[in-house]
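**Q** The structure's right below; bear with me while I get my questions together.
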Amino acid sequence: ILTLACALDVSFADEVVAQPYDGSTAYINVNTGWASIHNLPTGSWAGSVNAGYNFNRGFALEGGYNVLASNQFGSTATSNIFDVAAKGTLPLSDVFSLYGRAGVGYGIDGWSGTATGAPGWYCAGQYNANYATALVGLGGSFVLSKHFDLRIEDYAFIPFGNTMSGGINIVTFGTQYNF
């Protein structure tokens, strides 16, 4: 009887032991940094918010919003870019991972004010343009707890046509909340 009880306890314990966590969870991150803008003389402050879902530790899909605000030729220039991306993650340890993102986006460039000393194609008054863009990026993530990560990322938007801003390279630092 004791042997039968031990066998039942062991088989029950095997069923109760949970599988290791595979990283599947929804997340949201908030980031801030600096952008280099190919067609404009000065850089720009950049902010971004991304929300996504990790299907496992190695693959996620996400959607994001990026805003760039700067002063160019004495006028205000803004870029708003909405994107969707696939994200591949390579965990190097329990606390540090490298990741890459690739996707597409929709950009909206805006200009307000009268530019002084600007090339002729910059408008006096208001300018708005919409465009499609590619997104590529590399980053690192440092786990603080089950729910919080610190992130650093370098990514670029490469427009499919001519735009006011041209190519944009952004370096950001931020935090991520994992649900």
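In the numbering used here, the protein residues as written are 1076 to 1254. Using N, Cα and C, we set each Cβ at its ideal position, and we do this for glycine too. On a predicted model such as this, the values are computed, not experimentally measured, just so you know.
What three-state label does DSSP hand residue 1170 in the structure shown?
**A** Coil at residue 1170, not helix or strand.
**Q** Count the other CB atoms, across all protein chains shown, that sit within 10 Å of the CB of residue 1238; report buried if there are 16 or more and exposed otherwise.
**A** Classification for residue 1238: buried.
**Q** So, residue 1181 versus residue 1135, is the Cβ gap smaller than 9 Å?
**A** Not closer than 9 Å, so no.
**Q** Tell me the DSSP bridge mates of residue 1234?
**A** Bridge partners of residue 1234: 1208.
**Q** Return the CA-CA distance between residue 1154 and residue 1141, expressed in angstroms with no decimal places.
**A** Each residue's Cα considered, the two are about 8 Å apart.
**Q** Need the endpoints of the beta strand (DSSP E) that residue 1145 sits in, please.
**A** That run of the beta strand (DSSP E) goes 1134-1147.
**Q** Where does residue 1221 fall in DSSP's three states?
**A** Here residue 1221 sits in coil by DSSP.
**Q** Identify which residue in 1187, 1129 and 1176 has its Cα closest to the Cα of residue 1149.
**A** With distances taken between Cα atoms, residue 1149 lies closest to 1187.
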